[in-house]
Amino acid sequence: MQLRTRELESTVRELQDLNQTKTEFLSNMSHELRTPLSVILNACDFLKGGYGGPLTEKQLRYINDASECGRHLLTLINDLLDMTRLNAGRKQFHPMRMPLAELVRGCVYEMRSFRPNGNISLECSFEPADFAVYADPQLLRQILYNLLSNAIKFSPAGGRVQVLCKENREAGVAHLTVRDEGIGIAPENLERIFREFEQIDSPLTKQYPGTGLGLPIVKKMVELHGGRVTVKSEPGAGSAFTFTLPLGAPDDRPGDLQQP
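Using my numbering, read the sequence shown as starting at 1464 and increasing by one per residue.
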């Protein structure tokens, strides 16, 4: 019995070492890939700005294609790096008590230019009109960008995407919902979408390929705040992703409001 226990303990240590090695490799590799890619993207921006001289329409089209592909690749690398840091417990986390409405409105405004399927209405509402949450502004922006990006990509032209923010003082949390009128998700896939590197097979996921890390990153970042994320969806009837954030710090002291 003791021998078996020692063997199991040894196996666990080996698996932990392997996981640590994998984490360090992915983190280092992500950094190594980002540096030359940033140089390539900067060169594309310089050329588009006319610093290398006038460009023909064909040359400009090639540079725009290279820039678009490069930025997509950078997004994939950043997702991989974020997931690696989250899994290793190395993601920087600096929560503060902050007003919610300004940050949410800013995210919605910035996403208005991202409409790959045509004109889509973006709206946000707050109940009450404004209230504070205890969150890391940078991570909260990333959570909202990921959810809004998905909602917009999977919405038809003329569709509507809403961000609904509601304070629940009794529970001490805020509920934030990103709702769309898109293609929806089948019941058997609702759990899969939060698994790392999982992608649901549909024509739109083939049109907008990715790492399958966007929603897992959202889940882990929400959990880092002590919240949880849920989804309600039906095929053809859109999706609603809801996550919770604390209204105050864990020690329940209100503290001063800070601007993110």
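Virtual Cβ for every residue (Gly too), placed ideally from N, Cα, C.
Do residue j and residue i have their beta-carbon atoms positioned less than 8 angstroms apart in this structure?
| i | j | result |
| --- | --- | --- |
| Val1694 | Ala1703 | yes |
| Arg1710 | Glu1630 | Correcting the residue type first, residue 1710 is Leu in the shown sequence and not Arg. Against a cut-off of 8 angstroms, the Cβ pair of Glu1630 and Leu1710 comes out as a contact. |
| Asp1599 | Phe1556 | yes |
| Ala1649 | Pro1698 | yes |
| Leu1523 | Lys1511 | yes |
| Leu1544 | Lys1683 | no |
| Asn1582 | Gly1621 | yes |
| Ser1696 | Leu1627 | no |
| Phe1509 | Gly1515 | yes |
| Ile1540 | Leu1602 | no |
| Ala1634 | Val1596 | no |
| Lys1521 | Leu1687 | no |
Near residue i, what residues of its chain come up, given a Cβ to Cβ distance below 6 angstroms and the 5 sequence neighbours on each side ignored?
| i | result |
| --- | --- |
| Thr1498 | none |
| Ile1507 | According to the sequence displayed, residue 1507 carries Cys and not Ile. Excluding sequence neighbours, Cys1507 sits near Ile1526, Ala1529, Ser1530. |
| Arg1623 | Ser1584, Glu1644 |
| Phe1706 | Leu1639, Val1685, Gly1690, Val1692 |
| Glu1651 | none |
| Glu1590 | Lys1629 |
So who's on the other strand from residue i, going by DSSP bridges?
| i | result |
| --- | --- |
| Tyr1597 | Arg1560 |
| Ala1637 | Glu1630, Leu1708 |
| Val1567 | Answer is none; Val1567 lacks a bridge partner. |
| Thr1693 | Thr1705 |
| Leu1585 | Val1624 |
| Arg1642 | Gln1625, Ala1703 |
| Glu1590 | Lys1629 |
Does residue i pass the burial test, meaning 16 or more other C-beta atoms within 10 Å, or should it be called exposed?
| i | result |
| --- | --- |
| Phe1577 | exposed |
| Phe1588 | The sequence as given places Ser at residue 1588; Phe does not occur at that position. The residue in question, Ser1588, is exposed, as its Cβ has fewer than 16 Cβ neighbours within 10 Å. |
| Thr1474 | exposed |
| Leu1471 | exposed |
| Arg1716 | Note that Arg1716 scores a pLDDT of 47, beneath 50, so its modelled location is shaky; the value from the coordinates is reported in the next line. Counting Cβ neighbours within 10 Å, Arg1716 comes out exposed, since fewer than 16 surround it. |
| Phe1660 | exposed |
| Pro1558 | buried |
| Thr1468 | exposed |
| Thr1547 | buried |
| Glu1477 | exposed |
Could you name the residues of the same chain whose beta carbon sits closer than 7 angstroms to that of residue i, not counting the 5 residues immediately before and after it, in chain order?
| i | result |
| --- | --- |
| Val1681 | Ile1606, Asn1609, Leu1610, Val1692 |
| Gly1718 | Low confidence applies to Gly1718: its pLDDT is 49, below 50, so where it sits in the model is not reliable, and the reading given next is rough at best. Closer than 7 angstroms at the Cβ level, and outside the excluded window around Gly1718, lie Arg1560, Ala1712. |
| Phe1617 | Asp1643, Gly1645, Ile1646, Leu1667 |
| Arg1568 | Cys1587 |
| Arg1658 | Pro1679 |
Between residue i and the ligand FAD, is the CB less than 7 angstroms from at least one heavy atom?
| i | result |
| --- | --- |
| Ser1501 | With respect to the ligand FAD, the structure shown offers nothing to examine, as it has no ligands at all. |
Taking 8 angstroms as the limit between beta carbons, can you name the residues of its chain near residue i, skipping five residues before and five after?
| i | result |
| --- | --- |
| Met1574 | Leu1585, Tyr1608, Leu1611, Ser1612, Ile1615 |
| Arg1656 | Here the sequence assigns Ile to residue 1656, which means Arg is not the residue at that position. The answer, listed in chain order, is Ile1648, Ile1663, Leu1678, Val1694. |
| Arg1632 | Leu1710 |
message: Would the segment 1515-1535 count as touching the segment 1562-1570 if we require 3 or more Cβ pairs under 8 angstroms?
response: no
message: Could you check whether the segment 1608-1626 touches the segment 1671-1691, counting it as contact only if at least three pairs of C-beta atoms, one from each stretch, sit closer than 8 angstroms?
response: yes
- prompt: How do the segment 1597-1609 and the segment 1642-1652 stand: do at least 3 beta-carbon pairs fall below 8 angstroms, yes or no?
  reply: Three or more Cβ pairs closer than 8 angstroms define a contact, and the segment 1597-1609 falls short of that threshold against the segment 1642-1652.
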